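Residue numbers (my numbering), protein chains in the order written: chain B, 14 to 577; chain D, 1470 to 1633.
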């Protein structure tokens, strides 16, 4: 059957089970959009391409499906770059279909031409430029396969404009044949024996749980391991939610703004078992002094993560969905039952650390404290919301004070730290989970970076709740200026004329503002109960810091404490 | 230490960009890179010489392996293999100095591939050190330009790199 390239893409998306596309049309993709129109394909029109890619990213994080994005050539494609890099750093599966100028115009600096394949090479798992319509079915098949298997990631498919209109004999391939791509599933079973030996020897063992557990959907297995072994756990930023905050041996976030107990545990443990982590510099602090007393075991699907930052003693390569159950099978309950006594002093020490230095803040009644906002929302939603953050202080306060219950309920730009991520990612999360409560925490800086998406949530009636913690400064940067640059606030003063209530209302989103602590809970309750999208601007003090903090280049045990 | 890697890749547009881009953004210390066709029309072979300790080498191999178009990487350093590089050297050669240069070329078993009134072009195939040595000797006569291919390597014995 002869169909056009554009129709072939639509058919291929159907074959891949794609339920919705996030995108923004333009000249080079007119034919493609015409085919979407003909097929009446579900499509969310954002108000900026960056909004589309973050929305697809949020959608992918909550559904586990591949997020799909469409944009036009040149500026349409380059507007995707920040979102692609965000997804790449956090290993989020996306397929991005961009229009390119016609084959005959490529390489001539044509109107709206940009070499998006070249531009995105360092920030994609793989990318393609399609110049022949016959290649489309194979390329789309491969793109989805590469995006979702192994360590997931974004794949760009750039398609020359005339390819959309060219005809081909369409059949969708059943299988993918890639000589150079064989995602790992099962690894070396024998190495698990060594892991069990180390676990049985350890007196101060520690599980370190990361975003890989979210991606591989293995939170249950991690929970089972924690139960079977009795070992304590700490979490990376991307690992939040994998183990409930209330779980008794969960000592919380590790790293720059981690808990005292988690950071001290890392420093003092004799066995650190990393599960789907990449030992980012925000976790390790000064690398040479990270986990100085520990043997390190690293479970990961990506061989390139082993020994990249932290030297590993034992590596367990393979999908966590393979390795964690395999490890569980090797842990004899009769034997592990005896471990409790041996690690009891260690657990007592951790509990003491946690009791002596819990996450805390100064409870003032003259101003609204941002941490109190997070705690109240946590309480009101019972930990059942999908929590999305922007980047900066709002992100760290949420990480510290929201009480997570479920894996996959925490969306944040962990690796790239993209301001402007929150609102569009929340939009996508709501599209993916219409029945869930989606709450976005953003600062007054980040919200401005993609505030055009207020229009999108209004138009599609997406009941996203956006809480803007407005401290009138670029908070995290100002905190560093306060702590390390002698209080010279170079261009971090954001106080100005923007009325966030009017801004949201102008785009059709009802909004409220609260400036005094009285009635905070009632106001939050009211906003969360609103049927459609809503914005609440909360005025918070401009000089509140995120603490504890491990200063850049310091060891994890050299935290600046604070609060009370 | 120096490692010589045989990297088999898909013969497709953009593959070299992927590889050279990865090398530069991961700040790997690459000394030379040479690419060409192989016995299979769909495969290109790239010989990469990298200066790296064991940990760095592991990263180079693992990161390159992650590229979808990279089929196989073999480290030819520890195994018995033939290492060669080709150089073309344009050197000043007057009627007085020409016979001197011919003597040098003979000693190195190089070839003269072009002669004119003022210059000669010399072709030499060999290990890197041999080419370095010839260049050093010819420097006295005045080298005008040099082009070197970068190293290529092939294991001895019947087993190809893709099966090693």
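Cβ atoms here follow ideal geometry from the backbone N, Cα and C, with glycine treated the same way. The model shown is predicted, which means the values in this text are computed figures rather than measured ones.
| query | result |
| --- | --- |
| Within-9 Å CB hit, residue 315 of chain B to chain D | yes |
| Segment contact flag, the region 328 to 343 of chain B with the region 361 to 369 of chain B, C-beta cutoff 8 Å, min 3 pairs | no |
| According to DSSP, residues forming a beta bridge with residue 4 of chain B | The question about residue 4 of chain B has no answer here: the residues shown for chain B are numbered 14 through 577. |
| For residue 1484 of chain D, the first and last residue of its enclosing alpha helix (DSSP H) | 1484 to 1494 |
| Chain D contact residues for residue 131 of chain B, given Cβ-Cβ distances below 9 Å | 1483, 1486, 1490 |
| Check whether residue 191 of chain B and residue 159 of chain B have beta carbons under 9 Å apart | yes |
| Proximity to residue 166 of chain B [Cα-Cα], best of B/79, B/115, B/143 | B/79 |
| Between the CA atoms of residue 1594 of chain D and residue 1600 of chain D - distance to the nearest angstrom | 8 Å |
| CB contact below 9 Å: residue 324 of chain B versus chain D | yes |
| Continuous beta strand (DSSP E) stretch holding residue 35 of chain B: start and end | 34 to 37 |
| 9 Å Cβ cutoff, residue 1515 of chain D in contact with chain B | no |
| Residue-level contact to chain B via CB, residue 1522 of chain D, 9 Å cutoff | no |
| Where the alpha helix (DSSP H) containing residue 341 of chain B begins and where it ends | 333 to 343 |
| Neighbourhood of residue 63 of chain B by C-beta distance below 8 Å, restricted to the same chain and skipping five residues each side | 92, 93, 95, 96, 433, 437, 463 |
| CA nearest to the CA of residue 483 of chain B, picked from B/415, B/384, B/466 | B/384 |
| Min CB distance residue 1534 of chain D to chain B below 9 Å | yes |
| Neighbour list for residue 1531 of chain D in chain B, Cβ cutoff strictly below 9 Å | 315, 316, 317, 318, 319, 320, 321 |
| Validate contact between the region 1506 to 1513 of chain D and the region 1548 to 1563 of chain D using beta carbons, cut 8 Å, 3 pairs | no |
| DSSP state of residue 241 of chain B mapped onto helix, strand, coil | helix |
| Environment of residue 300 of chain B [buried if 16+ CB atoms lie within 10 Å] | exposed |
| Validate contact between the region 475 to 489 of chain B and the region 399 to 408 of chain B using beta carbons, cut 8 Å, 3 pairs | yes |
| Residues bridged to residue 1545 of chain D [DSSP beta-bridge criterion] | According to DSSP, residue 1545 of chain D bridges with nothing at all. |
| Neighbour list for residue 1538 of chain D in chain B, Cβ cutoff strictly below 9 Å | 139, 191, 192, 193, 194 |
| CA nearest to the CA of residue 246 of chain B, picked from B/219, B/30, B/90, B/254 | B/219 |
| Against chain B: residues of the region 1581 to 1604 of chain D by CB proximity under 8 Å | none |
| 8 Å Cβ cut-off: residues of chain D touching residue 523 of chain B | Neighbours of residue 523 of chain B on chain D: none; closest Cβ ~45 Å, over 8 Å. |
| For residue 67 of chain B and residue 326 of chain B, the rounded distance between their alpha carbons | 37 Å |
| Touching by the beta-carbon criterion (3+ pairs, under 8 Å), the region 312 to 322 of chain B and the region 1531 to 1540 of chain D | yes |
| For residue 467 of chain B, three-class secondary structure by DSSP | helix |
| Outcome for residue 1620 of chain D when other beta-carbon atoms lying within 10 angstroms are tallied against a minimum of 16 | buried |
| Three-state secondary structure (DSSP) of residue 101 of chain B | helix |
| Where the beta strand (DSSP E) through residue 319 of chain B begins and ends | Where residue 319 of chain B is concerned, there is no enclosing beta strand (DSSP E), given that its DSSP letter is neither H nor E. |
| Boundaries (first-last residue) of the alpha helix (DSSP H) holding residue 292 of chain B | Neither: residue 292 of chain B is in no alpha helix (DSSP H) and is coded neither H nor E. |
| contact_flag[the region 136 to 156 of chain B, the region 251 to 264 of chain B] where n(CB pairs < 8 Å) is 3 or more | no |
| Whole-angstrom C-beta distance between residue 416 of chain B and residue 258 of chain B, which should lie under 8 Å | 4 Å |
| Contacts around residue 518 of chain B, its chain only, beta-carbon distance under 7 Å, and the 5 residues preceding and following it disregarded | 524 |
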